[in-house]
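A short write-up of the structure that comes next.
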Amino acid sequence: MAELKREEELQPLNTDELKYDRRGLIPAVIQDIRTNAVLMVGYMNEESLRRTLKERKVCFWSRSRQEYWVKGETSGNFFEVHEIYADCDADTLLVKIVPLGPGIACHTGRYSCFFNTLAGFKQQDKQNG
Numbered sequence: 060m061a062e063l064k065r066e067e068e069l070q071p072l073n074t075d076e077l078k079y080d081r082r083g084l085i086p087a088v089i090q091d092i093r094t095n096a097v098l099m100v101g102y103m104n105e106e107s108l109r110r111t112l113k114e115r116k117v118c119f120w121s122r123s124r125q126e127y128w129v130k131g132e133t134s135g136n137f138f139e140v141h142e143i144y145a146d147c148d149a150d151t152l153l154v155k156i157v158p159l160g161p162g163i164a165c166h167t168g169r170y171s172c173f174f175n176t177l178a179g180f181k182q183q184d185k186q187n188g
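Under the working numbering, read the sequence shown as residues 60 to 188, first letter to last.
See below:
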């Protein structure tokens, strides 16, 4: 079994080493650094990632509207960026943030976009792990 690397063994990666899809996009998983809750998934292109790095606020590329959008620009629910990781294939980002404002990630008014449970799967009793 492979040994897990400790945090101090993290490998730096340059942004030009990231692998974007055929549309020039890379998925960005947004995680609250304080709670580790996954809040949402959005897509970035090279420019929105550049803006995110510069402003330290999450900027996405909207696939439906075909435009850049800073999370919180209209709602006040900004995401302050603290850390960004790339996965082992460099084709997905994990963006660790602190929510600013009311702390709502989802357009439904919820803290996280991940509130739907797939039918047939039940939450495990916490005592049974």
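C-beta atoms are modelled at their ideal positions from N, C-alpha and C, and glycine is treated no differently.
Between MET103 and ILE85, the C-beta gap is smaller than 7 Å, which places the two residues in contact. DSSP, reduced to helix, strand and coil, places GLU139 within a strand of the structure shown. GLU132 carries a coil assignment under DSSP once its states are collapsed to helix, strand and coil. LEU77: not part of any alpha helix (DSSP H); DSSP gives it neither H nor E. Classified as exposed, ASP80 has fewer than 16 neighbouring CB atoms from the shown chains inside 10 Å of its CB. With a contact defined as Cβ atoms closer than 8 Å, PHE137 and LEU112 miss out at about 15 Å. Non-local beta-carbon contacts of VAL140 in its own chain, meaning distances under 7 Å to residues more than five positions away in sequence, involve THR111, ARG115, LYS116, VAL117, VAL154, ILE156 in chain order. Shortest Cα-Cα distance from THR167 to any of ALA149, GLU76, TRP128, SER134 involves SER134.
Within the same chain, ALA96, LEU98, ALA164 come within 6 Å of SER171 by CB-CB distance, once the 5 residues on both sides are set aside.
In the three-state DSSP reduction, LEU98 falls in the strand class (E or B).
The residues LYS78, in chain order, have a CB closer than 7 Å to that of ASP148 in the same chain once the five nearest residues on each side in sequence are set aside. Separation of LYS181 and ASN175 (C-alpha to C-alpha, rounded to the nearest whole angstrom) is 11 Å.
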